[in-house]
Amino acid sequence: MGSISDETVEENADAPTYVPSLPVPNVQELVKEDPLQVPDRYVRDQDDILQVNDMSWLSSEIPIIDLSLLSKGDKEELNKLDLACKEWGFFQVVNHGVAKKVLQDMKDATTEFFELPLEEKNKYAMPPDDIQGYGHAYVVSEDQTLDWSDALILVVYPAQYRKLKFWPSTPKGYKDIIEAYSKGVKDVGVELLRSFSTIMGMDQDALLGLHEELVQALRVNYYPECSRPDQVLGISPHSDTSTITILMQEHDKHGLQIKHNGGWVPVKPIPDALVVNVGDVIEILSNGKYKSIEHRAVTNESKERISYASFLVPRDDVEIEPLDHLVDSQSTQKMYKKVVYGEYLRSSMKRRMEGKAHTQMAKVET
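Structure below.
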C-alpha cells in the first residue's frame, strides 16, 4: 500500500459535506498573545459550570472492559459491557490490540502539528460550507458562548469520503500516522459493535450490516491552558450523535467529565486504554435501554491538553429506529421515531452543543 502522503489531493465527488460553522478566533493564539486574558465570549455563566456536583470520588467506578475477552465471546465480559452501557454509558477498554507505538506516534505528531505557526495550520482551515479541516465546529451564532478549544476534524472512512486537502502534511508522515491510528481504532470499533449486537440480542454482524458502510470521523481537540479555568469550558456538555465514540486521552492530564447521577465524574486516564461511550444511535436502536451520556471537557491552568475522538456512525441514508425485538407492544412504548441518520446528524450540527437537546428530533411526542 502506498503512502497517503503521495496521494494526489483532489476533491472527491463522493465525499459528503456537512454544515458550516461561523469563523471565530483561534484560542491557542489568544493565549499566546495574552496568557492572562479570557475574552467575554468564552466566560460561562457560573450556573453552567457549577450546576451539578463534583463527583470525582466515583472516577474509580467507571467500568473497565477487556476487549480480548469480549472478542472471544466471554459471557462475563459481555455482561460487564451490558451493565456498563446501562449504568454508565461510558467505559474504558484495555487489551484492545492497538500497538503502543501507533498511539504514541499519533500523540507525538499531533503535538508537533499544534506547535506549528498559525499560518501553517491555517493551510488546512475549514471551508465556509463544511466542518472538515482545522478550526471550530458547532458555532451557529455571534452571541454564543464559545468553547476554550481548537480542533482538527477529518472524515477517515470510507476512504472515498476523505478530503485529503485538509489532512496536514506537516509534520512529515502525519497523514500516514493518522491512517494507522484510525485503522487501529476502526478494528476496535468493529469488534465492539459485534459485542453490542450480541448484548442487544442479535447476530454478531447485525449492527455492522445496519450501518450499510461504517463511516468514521476523527476530531482532535486542542485545549490550551487557561488562566481562569473556573470561568470556561473546553467543550460544552453534549451527547454524541455517533453509534459509539472511541477516545484516546493523554495519560497524565485530566479533562473529560461525564454526567452521572446528577454530578460530573472525571474520567481518569488509564495508560494506553481507550475510552468508549454510547452514542445517540445506540440509544435510539435500543429504545433507550442504553443511553448516550452528556459529557464535557474542562481546562487546566498550567498545561494544554489534546484528546482524540473517533466517531463511528452509519451512512447518511440509513434509517434508524428502535429495533422491533426491543419494543414489546405489551409493556414497552416506542420512545423514538424513525429518522434518516444524515438528517439527524446535520440537524444537530446546526445548533450549539447543549446537552441532549438535539435528541428531541428523534423522540416520539407523548
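Sequential numbering of the sequence shown, starting at 1, is according to full-length UniProt numbering. Cβ atoms here follow ideal geometry from the backbone N, Cα and C, with glycine treated the same way.
By the criterion of at least three beta-carbon pairs nearer than 8 Å, the segment 249-266 is not in contact with the segment 339-350. Counting only the Cα atoms, Arg-228 lies some 12 Å from Asp-40. Bounds of the beta strand (DSSP E) holding Asp-66 are 64-66.
Ile-270 places its beta carbon 8 Å or farther from that of Val-98.
Using a C-beta cut-off of 8 Å, the segment 151-162 makes no contact with the segment 57-73, since fewer than three inter-stretch Cβ pairs fall below that distance. Excluding its 5 nearest sequence neighbours in each direction, Leu-233 has C-beta neighbours in its own chain below 8 Å: Arg-44, Asp-48, Ile-49, Asp-147, Trp-148, Arg-296, Ala-297, Val-298 and Thr-299, listed in chain order.
Leaving aside the five residues that flank Thr-110 on each side, the residues in its chain whose CB is nearer than 7 Å to its CB run, in chain order, Val-220 and Ile-306.
The Cβ atoms of Phe-196 and Leu-207 lie closer than 8 Å to each other. For Phe-113, DSSP records no beta bridge to any residue. Residue state for Lys-363 is assigned as strand, using DSSP reduced to three classes.
Inter-segment contact for the segment 351-359 and the segment 237-248 is present: three or more beta-carbon pairs are separated by less than 8 Å. Per DSSP, the unbroken beta strand (DSSP E) holding Asn-221 starts and ends at 215-223.
The Cβ-Cβ distance between Lys-289 and Leu-326 falls below 8 Å.
Residue state for Glu-354 is assigned as coil, using DSSP reduced to three classes. In the three-state reduction of the DSSP assignment, Gln-333 falls in the coil class, being assigned neither a helical nor a strand state.
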